[in-house]
Every structure is written in structure tokens, then in C-alpha cells.
Amino acid sequence: MSSRDPILTPTRLRATLPRHLADWTLPPGWSWGADSVWGDRRHYQELVDALGRSLSLVSAPETEHGDWLRDEARALAHRNHPSIPTTYHYWANYQESRRGPGYLRRWIAGETVAQRVVRMGPESVPTVLQVLREAGSTLAYLHDAGSLHRALSAHNVWLTPGGRLWLLGWEWALSPEQVPAGLRPDPARTPQAPEWSNGEYTPTQASDQWQLAAMVFTALTGETPPERDAPPITLLRPDCPVGLARALEQALHADPSQRFPSVRNFLRDVDRVVSVRSVLVEPEGDEIPSLHEAPEARLRWATSDDYEILAPLGSGTFGSVWRARDLTLAREVAIKVLHPHIAKDDLAVSRFRREARLAAQLAHPAIVPIYDSDERGGVVWYTMELAEGGSVASLIARRGPRDFDEIAMPVDGVLDGLLAAHSSGIIHRDLKPENILIDRYRRWRIGDFGIAQAWGEDVATGSSGTPAFAAPEQLLGEAQGPSTDCYAIAGIVYFVLTGRAPFGDASAEQVLAQQLGDRLTERLQLDAFPAPLTQFLMRGLHPRADERFSDASELRSAWRQVIRLMRRADDPRPWWRRVFEGPMDGEASFDDDVDLDVDLDDATRPREQSSRS
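What the sequence shown shows, in this note's numbering, is residues 289 to 901, in sequence order.
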């Protein structure tokens, strides 16, 4: 699905609502969100309810489709499957409320399989197997209930950064009598089964199966298969398991009678010839798997009593993160585990446990909560809340630079969490977009306290942090304090608004040369920002620690002043109405005040004068 919103710029505060929603009045305490997506005969608009949750308002742009939309909402309300979004509420079209028709469900942060293929290229085989299994499970559930999807494609199968799959396109999953006459899914977005080549649109379980296989073909190869005579998958994708290729070719057969008898048979055949999940033979007794075993196998052995490992989420220098299901509490979590060769280092294990303790003691809504920490047979891990929305880095990779109004309150929440850390004497020292995680309600949260240290400890023992977002004193191995975190936050704000790190993603030496060079304002192109943002970034990215914001408290006050000034500039009311009426509906009111004025280009005095923290 592609958004029809115009390109967002740092100066723009509000997205324009589509015409069919322009006159809607939301309930008290609700507000319009920043994102919207156009689907096939549907529009999805983000809403923020009175509890701060991001919801999706599903509406029909054509007014004559109100009954169709109502039937869709009613059908979804009676379905129960992990990949089918639950309908929370339906707004009928009442004149008194000035809203409706439309229904509410959770907002799905992520991207379609088609969008991922365009952005990243063909998917890995393990990811394709996961998509096949979960999307196929959804189709099998529908077929068992006597229903069809009728429009499955790479454009309506969504994957969240947390690895969860959602199936959309439910406007077509109704009986033919409920769909307006003459309408069918857009052929540009929906693969057409071979049996429809005569112009008829006659969906069956067999055509659903063909569309499932076509979507998997797209994920594997980056191409939509032709209706007939699809090329051998192993030629397009040599690393595709032969068994999977054979199953897909049978499901893509032009003759429906030659396909699998059902989607369940299709999935069983794939499970029989290709391992969807890693197979682990349990060692006898408490025998520890060899270090030569696959990391996933060792993790499954160590956590099998309490967790089911579902999928990898990412890997770094010291460890990896996995999506898992907590078997006791029946919830999905993230498990961070040290790499086997790192787990043999007692110092590394001690720092890993210390990270878990630090994050656990900083209980705050803007800090990723830690649930548990354990070790078994040399496998060291801790469990934490699953960030379904991924990270700020993945958000920018998927969606590009963001609008100021969209990030204003999430950044404020992060600063609240950083203030809690600084108030407890903890300096994070590795704040970067990858470590700002996003939960299912679009809230930003601080994670990864791996190199955090208590304020006042000797941290001048070498460089630390990620160069692109590290302050000069970090790259020089000098003393670091709360202002070091303030520098990183300013860098993250710059990155989110522009899509690039302030001084590039290069080596520490190259970044440092840029930080301490001349004409920084020009190099950062700060003149392109509104004045309040320019002043904030100039001070936050100042190369001298004593010229920056001193800690998270001062940084938060400055950010709130930026929000106030930006919204005042965007307020179309005359000054006297702003005075007497106060902030517009949905706006936060902040009383903090701080001086933002700074001259960044007068910041290149000798380094010996700038080593104070």
C-alpha cells in the first residue's frame, strides 16, 4: 500500500485529512495521528485515543460503500486468529456525532511484503517460510469456516518490525452479495489466478491457494509470477530448498485440480520437506549442546522449559535478539542472548547482567522493561518487552524522514525516560536510533544500557558509543557526563527529521574531524529548519560539553519550548485569540522556558578548553 500524503518536511506540523474525513469530529481527548494509508477501496487513518493508543480508522472514501464497510466490520468482529486484526468499535453515520461510518482496529506499524522487497530485495528463505506458514494458517482458518479471502497479495500481507504478520484486504473477504456489483480487487495489486483469464472473477479455495503461492513467489524472487508457465523457482533463486520450490510450483499450477487439495495440505507438504523451524534433538539428561551447535539450537535447549523461540529479530557484535513466546504467561517477548564465544568471557557476562539490572531498576514508561534474566549451560540471556514497532532506525529506513509534529511527543517521552536515568545517576552513553525502540502504541522507549555507567565513575578509559551519534568527548576518550547523552538525543532528532546522521556514518576519526571543523551550521544545513529547531540543534550538537544542555532536565525544557514555538507559528488564529483561548485542541501546554540562543560556528576554540564535561 502506498501513502498519498505529501512529502513531510521539518516545518510541516499537520497532515491533511482526506476529503471524506475532513468534517469528522472525534470524541473528547482523541486526536488525528500523523500517518494514513490508501488501500483498495479503503482508507486507513491513524487515530490516538484518550488513553494515548494508536488505532486505525478504517473508512470507505466513497459514501455509497457504507453498507459494504459495515458488513466488513461485522465479519471481522467475529473472527479470531492471531493474524487477523480485531475490530474494536464501529462508528455508524449519525448526524449528531459528525463521524462515521468507520471502524477501529489496532494501528499496524510495519510494511507490506511488496514494500520490503522493493526496499531490501528478495526475502531470506527463513523469512519466506515464516510468511508462508503464518499467511497460510490464516487462509486455512478462513477455509475451515467456509469463507475465502479472495484478494491475497504481497500488497496486503504486512510484517511488523517485531516479526509479526498481519493479513489485510478484508473488504473482499465477504460473500458476493455483500460486495457492490461490478467491483473486484485491483488487478495491479492482486495477482489474478489463471482460471480468471476469461474475465470472470470466481474465487475459490484453489484460487486463494494460488494467490498465497504467488505472494511467496514474489517474496522469494522479487517478481510477480505469470498466470501460466512460471519459470522454475530454483533458477531465479538457487538457494531455495528444492522441496519448497516443488510445493510452490504445484500450488501455482494453471489447472486448479492439479494444486493441493487444500491450503493445509500445501503447508503440510512444505513442513514435510522443509524445516520451518529449527529441529533440535534434546540432549540426554542435562547434557549441554556443543558450542558448534547453531546458536538457535542452543537457545532453544536452554529456554525450552519457559519459552518457544519464534524468529530472529537482529544480531550485533555481542549478542542477538529473538522473538519468543512466554509459555507461562502466554505473551510474546524479546530475548537478548550473548553470542557463545562472548558468553565465555566472565567480564562480558558481568556487564551483560549489569545492563539488565540497570534497565530493570529504571522503571519508567519510556524505558524498555526487563522481565527476567537467567543462564543455563553457558547460554546467558534476559527477556524484555517485545518492541512490535521496531526501532527509530527501522522506522526511518521504512518510511523516510518524519514530520516534526509526529515526533514532538515521542521525543518528549524519551526525554522523560532519560531524565529518570540521569536523576538516578545513570548515563546511557550509547543513545542512537537503533536503541530507541517503538512499542505497539507508537511510544518511543530507551533500550540497550550495555555501556551505561553511573555518573562520576571513571569513564575516560577509551572511546565508547556509536561514532555517528557519539559526542566529541566520547570519540576522544575524555570524561563524559549527562551532556554526552544530550548530544546523542540532538543527533537522533536531526536524523529523524532528515534521514541522515549529523556528520555521516563514517569512522570515529572522520566524524570527529567533521564535528570540530569550521562552518558547522552550513555543513549541517540548519538554515533549512525553522528557527526554534535550528537553535535547539545548534546547542544540542555543540562540540563543547559545557556549551550544551547540561542534562536531560534542561534538554526536556528546551524541547518543550521548541514544541510551543513551532505550534504557535502554525496556529492560524490571531494573537488575541491565542491569548484568551490557550492551546488548540490536542496540543500540550508546557510552562518550561530555557534560553536556546547559541552560536555553533563560534565553537572551535582549542581542544584543551573544551575537555570539560
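From the three backbone atoms N, C-alpha and C, an ideal C-beta is built for every residue, glycine too.
Here the alpha carbon of A481 sits roughly 12 Å from the alpha carbon of R547. Pairing V799 with P755 gives a Cβ-Cβ distance under 9 Å. Separation of R477 and T400 (C-alpha to C-alpha, rounded to the nearest whole angstrom) is 12 Å. As the crow flies, the alpha-carbon of W446 is around 12 Å from that of W395.
Of all C-beta pairs linking the segment 500 to 509 to the segment 403 to 412, three or more are shorter than 8 Å, placing the two stretches in contact.
Residue pairing from DSSP places S679 in a beta bridge opposite L725. Here DSSP, grouped into helix, strand and coil, assigns P820 to helix. Looking from the CA of M672, the closest CA among P373, R386 and D727 belongs to D727.
Contact between the segment 418 to 428 and the segment 445 to 465 is present, with at least three C-beta pairs closer than 8 Å. Look at the beta carbons and you see the segment 697 to 717 touching the segment 838 to 854: at least three pairs across the two are nearer than 8 Å. With distances taken between CA atoms, A433 lies nearest to H369 out of P389, I851, H369 and T415. Listed in chain order, the non-local C-beta contacts of A380 below 7 Å within the same chain comprise G388 and P389, local neighbours out to five positions each way being set aside.
Of A681, A599, R855 and W326, the smallest CA-CA separation from E722 is found for A681. Within the same chain, and ignoring the five residues on either side of F606 in sequence, the residues whose Cβ sits closer than 8 Å to its Cβ are L626, H627, I630, A636, F640 and G738. Distance from the CA of R560 to the CA of E483, rounded to the nearest whole angstrom, comes to 28 Å. Under the DSSP assignment, D323 falls in the beta strand (DSSP E) whose first and last residues are S319 to W326. DSSP places P698 within a helical segment (H, G or I) once states are collapsed to three. At a Cβ-Cβ threshold of 9 Å, G457 and G327 count as neighbours. Closest option to L339, judged by alpha-carbon separation, among R848, A816, W589 and R730: R730. In this structure, the beta-carbon distance from G677 to A402 does not fall below 9 Å. Assigned with DSSP and collapsed to three states, T415 falls in helix.
Residue pairing from DSSP leaves K720 without any beta-bridge partner. For W498, the enclosing alpha helix (DSSP H) starts and ends at Q493 to T509. When rounded, the separation of the alpha-carbon atoms in Q849 and F757 is 23 Å. When rounded, the separation of the alpha-carbon atoms in D517 and A542 is 8 Å.
Ranked by Cα distance from G701, the options S661, P653 and Q418 are led by P653. Every alpha helix (DSSP H) of 4 residues or more that sits fully in the segment 368 to 419 is shown, in chain order, as 401 to 408. Scanning P349, R438 and G779 for the CA closest to the CA of T492 turns up R438. Residue pairing of H652 in beta bridges, as defined by DSSP: absent, with no partner found.
The Cβ atoms of P468 and W356 sit closer than 9 Å to each other. By the criterion of a C-beta distance shorter than 8 Å, A361 is surrounded in its chain by V346, T375, Y378 and Y391, once the five residues flanking it on both sides are discounted.
Distances from the alpha-carbon of G604 to those of D633, S344 and K624 put K624 closest. Going by DSSP, P600 is part of the beta strand (DSSP E) stretching over Y595 to S603. Within the same chain, D594, Y595 and E596 come within 7 Å of L615 by CB-CB distance, once the 5 residues on both sides are set aside. When only Cα atoms are considered, R836 and M854 end up about 21 Å apart. C-alpha of C774 to C-alpha of R358: approximately 49 Å in a straight line.
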